[in-house]
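Numbering (our numbering), first residue to last: 1 to 629.
Before any comments, here is the structure.
See below:
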């Protein structure tokens, strides 16, 4: 082992990653978040235990980049529309929980003999819950769209905003010396005002066009996002804010663009990888010689977070007219501190406000609360059933607000059909379905196509359909159909895998010209394939020769129809008669005729008349190849 590590940092990093993978697998088997395993790896490989890894400077640099990417992604998710849509319950619950936790946490920490500055940092750290962990747990339990899930996500957003404001405030104290609070507050407000004006000008006049140009290449868009995040992080540190605050502002400045979901999806994996080094760096720096004195304070504060925070949330939600069950399930999501808590206290060390003991105490509280709260959320229902008799204190006689929510029923405006790929076929289909008042959403990674359709006031999103992380951001749970117009089989295969990973259970209409080779009936609407798309006609001809398939063709160009009949043995039908052909495969090259009616006629088992009577469509195979060039 020593001989291997003697080769330098590369060998050390290889060892770190191998051990992290092994310990991470153990954590997953125990249904624990991976960040717990990363801290354990840092402890094991740091100087406190085995200490084989000495590349501390390199790990610390990667840790700083990881924190910057984390805050950038948080800012990226908080566009102005999202912030405006935070419900009053989520806002009140979030602010109430923050206020009470800070007050009680500050008092508890002072009673334990900590200084006022340490008490402030620790009390603020106790208020933050892990958005990453909570969303993942709720998603796994399919509770994100539940009432308590939506409320929990709302006050998690409030917490994310609060942590950035806290970082900015504490950073403003750096170098303040003996200056009074009035002077410090004035300086902070002045810098915040300047930053707000500059940010508005960038978001209004510079970034939309700049990001649009970068989005022409997927790789370039990713590089730009990382460069923008780290650049503003460095600038934020230079002007007196923190790197973390600068990274958040960088993400927030791009959150209102059409490309935020694509950037977020591609940065998620990078964020998780880079945060590995932050927690390893944290675990390696823990001083166990001082942690022994922090065990009792850590236990007291952990119990406060595990019990006190949920009770605060339950009390607020009960007062606002929600049932005890909703308050209890939402309250469990704050029974922990987050990675932000540790990042916040670590920032305090870099600013010279607190010592390593505060970080060690916060880390111990984090380890205990995250481990225990994970099981509390996973087994929330059995836990509620046991505690329900004692929770009536947190419920009004008439939970009026929840009764109003139930009366509203299923949320409106969710797409029933999602179309991936907005080329000729996909865009035309989107237009026709939208014109027919069908709830529909279009998705494409071409910024120009998205921009053009958005100008036409069509519901579109920019993103990569092959990316599972992006698909999870879409309302797939409400969609009945997913239509893909990707012409490449490889793309469709990746897309289907991503859909499965995202948990889509609806019906899929796909694009694969090879389906024609195993079909008994092929319809070619528009004869472009006959003249230009040799690949399409190759599959169609193979189906006719090997399976005796019938090929039906229609077009306004009579000469092309005649060629299809003479060269490929196709049968010509009229433009209106094409609707009555129950096809296995449909090749839409005449886009003017592709509409909702056309889409749902494409089944060998269901005719249009049967569909009108309410019969479901068991299968649709759509084949389309775009015009060359």
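Where is the CB? At the ideal position from N, CA and C, for every residue including glycine.
Everything numeric in this text was worked out from a predicted model, so none of it was measured.
Residue 241 (DSSP reduced to helix, strand or coil):
coil
Could you check if residue 297 is buried or exposed, using at least 16 other CB atoms within 10 Å of its CB as the buried criterion?
buried
Using the three-state DSSP reduction, which class does residue 379 fall into: helix, strand or coil?
Looking at residue 379 - three-state DSSP - the assignment turns out to be coil, as it is neither helix nor strand.
State the start and end residues of the unbroken alpha helix (DSSP H) segment that holds residue 455.
447-455
Kindly indicate which residue of 34, 377, 551, 560 has the alpha-carbon position closest to the one of residue 569.
551
Taking the alpha-carbon positions, what's the residue 623 to residue 485 distance?
Note on residue 623: pLDDT 40, under 50, position unreliable in the model; the coordinate value appears next. Near 8 Å, if we compare the C-alpha coordinates of residue 485 and residue 623.
Give the secondary structure of residue 633 by DSSP, where H, G and I count as helix, E and B as strand, and everything else as coil.
Only positions 1 to 629 of the chain appear in the structure, and residue 633 is not among them; the question remains open.
Between which two residues does the beta strand (DSSP E) containing residue 333 stretch?
For residue 333, there is no enclosing beta strand (DSSP E), as DSSP marks it with neither H nor E.
Would you say the stretch 189-208 touches the stretch 128-140, given that touching needs at least three Cβ pairs under 8 Å?
no
Only counting the same chain, and skipping five residues up and downstream in sequence, which positions put a Cβ closer than 7 Å to that of residue 57?
none
Taking three-plus beta-carbon pairs below 8 Å as touching, is the stretch 492-511 in contact with the stretch 451-469?
yes
Assign residue 70 to one of two classes, buried (16 or more other C-beta atoms within 10 Å of its C-beta) or exposed (fewer than that).
buried
Based on Cα-Cα distance, which residue from 239, 237, 333, 359 lies nearest to residue 343?
359
Let me know the secondary structure DSSP gives residue 69 once reduced to three states.
helix
Kindly list the residues whose CB is nearer than 7 Å to the CB of residue 306, restricted to its own chain and excluding five residues on each side of it in sequence; keep chain order.
335, 369, 372, 373
Using beta-carbon positions only, say whether residue 433 and residue 440 come within less than 7 Å of one another.
yes
How about residue 502 and residue 480: are their beta carbons less than 7 Å apart?
7 Å or more divides the Cβ of residue 502 from the Cβ of residue 480.
Taking 8 Å as the cut-off, does the stretch 253-270 touch the stretch 211-220 (at least 3 CB pairs, one atom from each stretch)?
yes
By the three-class DSSP mapping on this structure, what secondary structure does residue 441 have?
strand
With H, G and I counted as helix, E and B as strand and the rest as coil, what does DSSP make of residue 354?
coil
One question on the structure: do residue 478 and residue 381 come within less than 7 Å of each other, judged by their Cβ atoms?
no
Pull up the distance between the alpha-carbon of residue 383 and that of residue 161, whole angstroms please.
31 Å
Going by CA-CA distance only, name the one from 24, 60, 301 that's closest to residue 107.
301
Would you give the residue range spanned by the alpha helix (DSSP H) that residue 460 belongs to?
Taken as a continuous stretch (DSSP letters only), residue 460 belongs to no alpha helix (DSSP H), being part of the beta strand (DSSP E) at 460-462.
Evaluate contact between the stretch 36-44 and the stretch 271-284, counting only Cβ atoms and requiring at least three cross-stretch pairs below 8 Å.
yes
Residue 499 versus residue 421: straight-line alpha-carbon distance, rounded:
15 Å
Among 158, 264, 273, nearest to residue 20 - alpha-carbon criterion
273
Considering Cα atoms alone, identify which of 572, 398, 566 is closest to residue 555.
The candidate whose alpha carbon is nearest that of residue 555 is 572.
Quick check on the DSSP output: the alpha helix (DSSP H) that includes residue 558 runs from which residue to which?
Segment 558-568, the alpha helix (DSSP H) holding residue 558.
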